[in-house]
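Participant: Residues in the sequence shown are numbered from 1 upward in steps of one, following full-length UniProt numbering.
Glycine is no exception: its CB is placed at the ideal position from the N, C-alpha and C atoms.
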Amino acid sequence: MHINFVCVKHPSGSTLSGIHGVPRVHYKGKQSEYYIMIMDMLGPSLWDVWNNNSHSMSVEMVACIAIEAISILEKMHSKGYVHGDVKPENFLLGPPGTLQEKKLFLVDLGLATKWKDTGTGELVEYDQRPDVFRGTVRYASVHAHLGRTGSRRDDLESLAYTLVFLLRGRLPWQGYQGENKGFLVCKKKMATSPESLCCFCPQPFRQFVEYVVNLKFDEEPNYAKCISLFDGIVGPNPDIRPINTDGAQKLIYQVGQKRGRLMMEEDDDDQPKKKIRMGMPATQWVSVYNARRPMKQRYHYNVADGRLAQHISKGNEDGLFISSVASCSNLWALIMDAGTGFTSQVYELSPYFLHKEWIMEQWEKNFYITALAGANNGSSLVVMSRGNCNDVC
1 MHINFVCVKH
11 PSGSTLSGIH
21 GVPRVHYKGK
31 QSEYYIMIMD
41 MLGPSLWDVW
51 NNNSHSMSVE
61 MVACIAIEAI
71 SILEKMHSKG
81 YVHGDVKPEN
91 FLLGPPGTLQ
101 EKKLFLVDLG
111 LATKWKDTGT
121 GELVEYDQRP
131 DVFRGTVRYA
141 SVHAHLGRTG
151 SRRDDLESLA
161 YTLVFLLRGR
171 LPWQGYQGEN
181 KGFLVCKKKM
191 ATSPESLCCF
201 CPQPFRQFVE
211 YVVNLKFDEE
221 PNYAKCISLF
231 DGIVGPNPDI
241 RPINTDGAQK
251 LIYQVGQKRG
261 RLMMEEDDDD
271 QPKKKIRMGM
281 PATQWVSVYN
291 ARRPMKQRYH
301 YNVADGRLAQ
311 HISKGNEDGL
321 FISSVASCSN
331 LWALIMDAGT
341 GFTSQVYELS
351 PYFLHKEWIM
361 EQWEKNFYIT
371 ALAGANNGSS
381 LVVMSRGNCN
391 DVC
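1. Is Arg-168 helix, strand or coil by DSSP?
2. From Gly-121, Arg-170 and Trp-115, pick the residue whose C-alpha is nearest to that of Asp-155; which is it?
3. In chain order, which continuous runs of the alpha helix (DSSP H) of length 4 or greater are located wholly inside the region 157-231?
4. On the three-state DSSP scale, how would you describe Trp-332?
5. Considering only the beta carbon of each residue, do Gln-362 and Met-336 sit closer than 8 angstroms?
6. Kindly indicate which three-state DSSP category Ile-243 falls into: helix, strand or coil?
7. Taking a contact to mean a Cβ-Cβ separation below 8 angstroms, would you say Glu-60 touches Ile-227 in this structure?
8. Cutting at 6 angstroms between CB atoms, please list the residues of its own chain near Gln-128, excluding the five before and the five after it.
9. Where Glu-101 and Gly-94 are concerned, what is the direct C-alpha to C-alpha distance, given to the nearest angstrom?
10. So for Asp-48, helix, strand or coil by DSSP?
11. Express the C-alpha separation of Trp-332 and Glu-317 in angstroms, rounding to a whole number.
12. Using only the alpha-carbon positions, how far apart do Pro-44 and Ser-71 sit?
13. Go ahead and label Glu-157 buried or exposed: buried means 16 or more other beta carbons lie within 10 angstroms of its beta carbon, across all protein chains shown.
14. Output needed for Ser-380: all residues of its chain with C-beta closer than 6 angstroms, excluding positions within five of it in sequence on either side, in chain order.
15. In or out: Arg-292 buried (at least 16 other Cβ within 10 Å) or exposed?
16. Using the C-alpha atoms, what's the distance from Met-384 back to His-77?
17. Suppose you measure from the CA of Val-86 to the CA of Glu-357; what does that come to, to the nearest Å?
18. What do you reckon, are the CB atoms on Thr-162 and Pro-88 nearer than 8 angstroms?
19. Starting from Gln-362, follow the alpha helix (DSSP H) in both directions and report where the run begins and ends.
20. Taking the CB atoms as reference points, tell me whether Val-137 and Val-185 lie closer together than 8 angstroms.
21. Who are Ser-327's beta bridge partners in DSSP?
22. Compare the Cα-Cα distances from Phe-367 to each of Arg-386, Gly-169 and Val-382 and report the closest residue.
23. How about Arg-24 and Ser-17: are their beta carbons less than 8 angstroms apart?
24. Starting from the C-beta of Pro-236, find all residues in its chain whose C-beta is less than 7 angstroms away, skip the five residues before and the five after it, and write them out in chain order.
25. What are the boundary residues of the beta strand (DSSP E) that includes Glu-348?
26. Could you check which residue in Lys-216, Asp-231, Thr-245 and Glu-220 has the C-alpha nearest to that of Pro-202?
27. Could you check how far apart the C-beta atoms of Leu-104 and Glu-68 are, in whole angstroms? I think they sit under 8 angstroms.
28. Can you give the Cα-Cα distance for Lys-189 and Ile-359, rounded to whole angstroms?
Below, the structure is given as structure tokens:
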């Protein structure tokens with residue numbers, strides 16, 4: 001068992017627990033001031049696998065991920081929920097060395113919302129709030145950037161970006177910084193055609209992207225047809241595939257006995273084909289406004305040594321100070337907060353654990369240790385601050 005101390009805010013934990021591709025929640029409750037959730041212990045995330053494999057994945061593995069991820073999302077959507085934050089970090093494999101080590105799971109339901117009323121079957125009301133963003137900028141759908149009510153199409157669009165990232169190692173909108181990052185990423189996504197996004201990718205990935213970015217708010221995705229696109233890539237024997245795709249078999253059979261790829265341009269009826277989003281014309285612009293004050297807290301994770309200074313400097317410019325630090329796999333995580341009460345702060349990234357001389361020098365200047373963490377390679381990050389004695393001492 002793996003124990004997480006989290007604030008259980010979302011009702012979907014009970015509704016979705018144990019469905020295909022979602023880990024089972026065994027207990028949730030409160031002990032003293034802590035909220036407790038006990039759930040199945042899982043293995044590495046897809047981001048971990050990609051990162052540990054020299055930032056690459058085989059075409060067959062990504063195609064298997066596509067097949068199984070689509071089937072997981074179909075099950076979740078059938079329960080009336082959309083995940084809202086589909087990305088490589090939120091897909092985990094089973095524990096290594098177990099029968100589930102090749103099984104895919106979708107975790108982190110913190111942003112899950114209903115797309116329909118499960119009692120009446122009616123869709124939630126469509127709305128648009130350009131000042132509200134939910135998700136992860138790199139993988140969010142264009143509709144999420146524009147503040148539109150989440151629906152099934154958004155999970156699939158985020159999955160499409162996830163697949164391309166795992167296959168190519170980078171998305172065209174990576175690298176933007178600053179206050180306008182969200183706007184610039186959204187603009188770039190709208191301007192990037194499926195052909196451009198999926199260049200050097202096998203054709204099924206382009207077909208999948210082209211299909212999902214053109215779904216309507218209330219349109220039911222053809223999950224089985226999406227799965228069948230990747231059928232010709234993964235090989236005929238499911239037993240030797242790098243990812244277990246057993247959960248997708250039922251959906252595959254829904255398209256009949258045909259195997260191999262099915263073109264998205266084919267229609268099941270004689271209705272005219274809908275217009276396909278091919279990229280943003282040069283004369284089209286998207287306006288994004290922010291009606292709220294900036295966030296009072298932010299976090300950074302998977303930060304390499306060389307990028308620490310950049311994140312900390314930017315936070316300091318925005319009036320934020322480091323409140324806590326952590327390390328995993330020799331990468332750093334930071335939480336920066338505007339409510340620390342600190343007036344000034346210094347930090348030291350040392351190749352060995354706790355640079356004693358530096359710490360003593362800062363003590364002489366009335367700085368006190370307020371956060372520290374050690375990495376697997378023996379290095380350490382020490383943060384020392386000055387300010388309200390109640391906050392520092």
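Facilitator: Reading off the structure:
1. Shown here, Arg-168 sits in a helix according to DSSP, grouped into three states.
2. Nearest of Gly-121, Arg-170 and Trp-115 to Asp-155, Cα basis: Trp-115.
3. As for any alpha helix (DSSP H) of minimum length 4 sitting wholly inside the region 157-231, the runs are 181-191, 194-197, 203-212 and 223-229, ordered along the chain.
4. In the structure shown, Trp-332 sits in a strand (DSSP, three-state: E or B).
5. In this structure, Gln-362 lies away from Met-336, with their beta-carbon atoms at least 8 angstroms apart.
6. Coil at Ile-243, not helix or strand.
7. Going by C-beta atoms, Glu-60 is not nearer than 8 angstroms to Ile-227.
8. Close CB contacts of Gln-128 within its chain, under the 6 angstroms cut and outside five residues either way in sequence, are with Gly-147 and Arg-148 (chain order).
9. Straight-line measurement puts the Cα of Gly-94 at about 4 angstroms from the Cα of Glu-101.
10. In the structure shown, the three-state DSSP call for Asp-48 is helix.
11. Cα to Cα, Glu-317 sits roughly 20 angstroms from Trp-332.
12. One C-alpha to the other measures close to 20 angstroms.
13. Counting every other CB atom within 10 Å of its CB across the protein chains shown gives Glu-157 a total of 16 or more, marking it as buried.
14. Taking C-beta separations shorter than 6 angstroms and ignoring five residues to either side along the sequence, the partners of Ser-380 in its chain run Ser-350, Phe-353, Leu-354 and Gly-374, following chain order.
15. With a pLDDT of 46 at Arg-292, under the threshold of 50, the modelled position of that residue is not reliable, and the figure given next carries that caveat. Exposed, since its Cβ has fewer than 16 Cβ neighbours within 10 Å.
16. Between His-77 and Met-384, the C-alpha separation is close to 47 angstroms.
17. Their Cα atoms are separated by approximately 45 angstroms.
18. A contact, by the Cβ cut-off of 8 angstroms.
19. Looking at the DSSP string, the run of the alpha helix (DSSP H) that includes Gln-362 is 356-364.
20. Yes, Cβ-Cβ distance for Val-137 and Val-185 is below 8 angstroms.
21. Beta bridge pairing from DSSP links Ser-327 with Trp-332.
22. Comparing Cα-Cα distances from Phe-367 to each of Arg-386, Gly-169 and Val-382, the minimum goes to Arg-386.
23. Cβ atoms of Arg-24 and Ser-17: closer than 8 angstroms.
24. The beta carbon of Pro-236 sits closer than 7 angstroms to no other beta carbon from its chain once the five residues preceding and following it are set aside.
25. Note, Glu-348: beta strand (DSSP E), 342-350.
26. Selected option, being the one with the closest Cα: Asp-231.
27. Between Leu-104 and Glu-68 a beta carbon distance of about 5 angstroms is seen, short of the 8 angstroms cut, so the two are scored as contacting.
28. Looking at the two C-alpha atoms, the distance is approximately 46 angstroms.
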